[in-house]
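Trainee:
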Amino acid sequence: MSDRLNQANIPASKFSAADTRGNETKSRRDVLRAGAGLVGAAAAAPMFSVGAQAQGDDGELSRVLEQRRILIKGGVVLSLDHQVGDFAQADVLIEDGKIREVRPSVATADAAVVDATNRIIIPGFIDTHHHFYQGILRNILANGLLNPDYQRDIAGTLTAAYQPADVYAGELVTALGMIDHGTTTAVDTSQVQHTPEHTDAGIRALQESGLRVVYAYSRGTGPAAQYPQDVMRLARTTFSSKDQLLTLALGANLDEGIFHAAREAGVPAVSHGVNNNTEPALFALDRAGLLKPGDEYIHCTHMSDAAWKLIKDSGGHVSLAVPIEMAMGHGLPPIQDALDHGIRPSLSSDVDVTMAQDPFTVMRAAFTLQRLGVLQRARAGAQNLPALLTCRDVLEFATIEGARACGLDHRIGSLTPGKRADLILVRADSFGMTPLNNPVGAFVYNAHPGLVDTILVDGKVVKRDGRLVGLDAARVRRLAVESRDDILRRADGQAGARLGGDWIPQAYEAVGA
Ligand SMILES: [Zn+2]
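Take the sequence shown: its letter number 430 is residue 429 in numbering that gives the first Met the number 0, and every next letter is one higher.
1) Mapping the DSSP letters down to three states, classify Gly250 as helix, strand or coil.
2) Flag His128 as yes when its Cβ comes closer than 7 Å to any non-hydrogen atom of ligand 1, and as no otherwise.
3) Would you call the stretch 164-179 and the stretch 200-218 touching, i.e. three or more CB-CB distances under 8 Å?
4) If you run the structure through DSSP and keep just helix, strand and coil, what is Gln162?
5) Name the DSSP bridge partner or partners of Val273?
6) Grouping DSSP H, G and I as helix and E and B as strand, with all else coil, what is Asp148?
7) Quick one, which of Asp336, Arg218, Glu395 has its alpha-carbon nearest His301's?
8) Report the partner residues of Val191 according to the DSSP bridge assignment.
9) CA-CA distance, Arg477 and Ile135?
10) So, is Asn274 buried or exposed, given that buried needs 16 or more other C-beta atoms within 10 angstroms?
11) Taking only three categories from DSSP, how would you classify Ala308?
12) Got a sec, what are the start and stop residues for the alpha helix (DSSP H) His259 sits in?
13) Beta-carbon within less than 6 Å of Gln225's beta-carbon, same chain only, minus the 5 sequence neighbours each way: which residues are those?
14) For the alpha helix (DSSP H) that contains Pro322, what are its first and last residues?
15) Count the other C-beta atoms from every protein chain shown that fall within 10 angstroms of the C-beta of Val101, then say buried if there are 16 or more, exposed otherwise.
16) Please work out which residues of its chain come closer than 7 Å, Cβ to Cβ, to Pro227, disregarding the five sequence neighbours upstream and downstream, and give them in chain order.
17) Quick check: what's the CA-CA separation for Ala472 versus Val63?
18) Kindly indicate which residue of Ser303, Asp90, Gly96, Gln190 has the alpha-carbon position closest to the one of Gly534.
19) For the stretch 47-107, which segments carrying the alpha helix (DSSP H) assignment without a break, of at least 4 residues, lie completely within its bounds, in sequence order?
20) Suppose you measure from the CA of Tyr296 to the CA of Val425; what does that come to, to the nearest Å?
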């Protein structure tokens, strides 16, 4: 348990395990560290610092990590930018983390080349709402409902048992899982800020992960919670620079005091659990002049026309967690309502305690649900029906609309020269993708996280040849399992009986796996 965290002992990095390897490893590590210095803006850049495992062609990877120019060559390009367009075969030139050119046959002498033959090059997914800290509780409530199961057992009992070490482990394993699946940006709505130490431990994990994150500082429980006023400390310190992977927002319910805090800190409000029951609070915030363009509203189930109009007119963005909303009882995902009111929604994965965070699943759920709704109306003889969503629509929801919801569409969300290079390469040569007849259709309907081959965040390679770069995976797994065990142990007795008592032994059995 020596590298367990506590409030006074947060390790410098998940990659800081003692180096017991030989000189060969050490020299390679030094190469990687040098590469990080050249390409990275983040001081820590721990993805590249220590403990990199032998991985593919080390020479090629080292070159890609060292060069300030990277040429991704010869892939199918889906830019998600109408001006740039798509290409059956083109190159993407990246310079100092920024997309410089997207076109066929880019010629450059001094770039590290990434071969994208038989790959689809596309912006990374943007997930606009996920409770990162719950990563260590994955699938623990596999068949549960929002009420009463989730509210009582997850938001209540198990969340209360979190210590800073557990926040660190949960945020870290979630962020790495997101990257692994092809998500390059996400909004973290972790309601576990029991103390500022909990907050700092979670932020540290996000910084180390290499993921781009909108950190929506949220509530906690207990006497030491500093929500929402601690958002001012975060705005002054960790988030004082805009030129970093982490940006700040305030996780909110529709409460005037919370919205005042968001406005005072100058950050967007990310409102969770918005639905027909919370409409009076939404209208009150409008009357108080507290709604601002760029605020995000999550779920938005069963709302009136007036509430939708207010969100639209105030410049708000909408996040729909389609699979979770259907499975856990939030209500009917309001894709059609949003579209009918002129809002293109973003997509989100929400909680890992039931369903996986796979962005392909979220995209396909949105596609099939909207079409089912329209086609059932057609079957019943309705006229003047809305347009059916296309695969490109839901791809935009999962990328550029996510960027807009994050207030980051000037930096990410499409392969546009001048934007930061957040992109993924997806294998198109698997038997499930061959032959490639419609790249957008193939990506939306047939691809899956296992085909995500290479990932760049902010121009840095964080996944190559199907593996995360420079990761001490065993240590991350150990931290996750230890924290999971600690939380269940602390919550046992309080929660065991109420939960039926059977999931805790099941979870413990899984430790040996
Ligand atoms: Zn949620």
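Every residue gets a Cβ at the ideal spot worked out from N, C-alpha and C, and that includes glycine.
Mentor: Put simply:
1) strand
2) yes
3) yes
4) coil
5) His298
6) helix
7) Asp336
8) None, per the DSSP bridge assignment.
9) 11 Å
10) buried
11) Note on identity: in this sequence residue 308 is Lys, with Ala being the wrong assignment. Residue state, collapsed to three classes: helix.
12) 255-264
13) Pro195
14) 321-327
15) buried
16) Leu249, Ile257, Ala260
17) 22 Å
18) Because the chain in this structure spans residues 0 to 512, residue 534 falls outside the shown range and cannot be described.
19) 57-65
20) 31 Å
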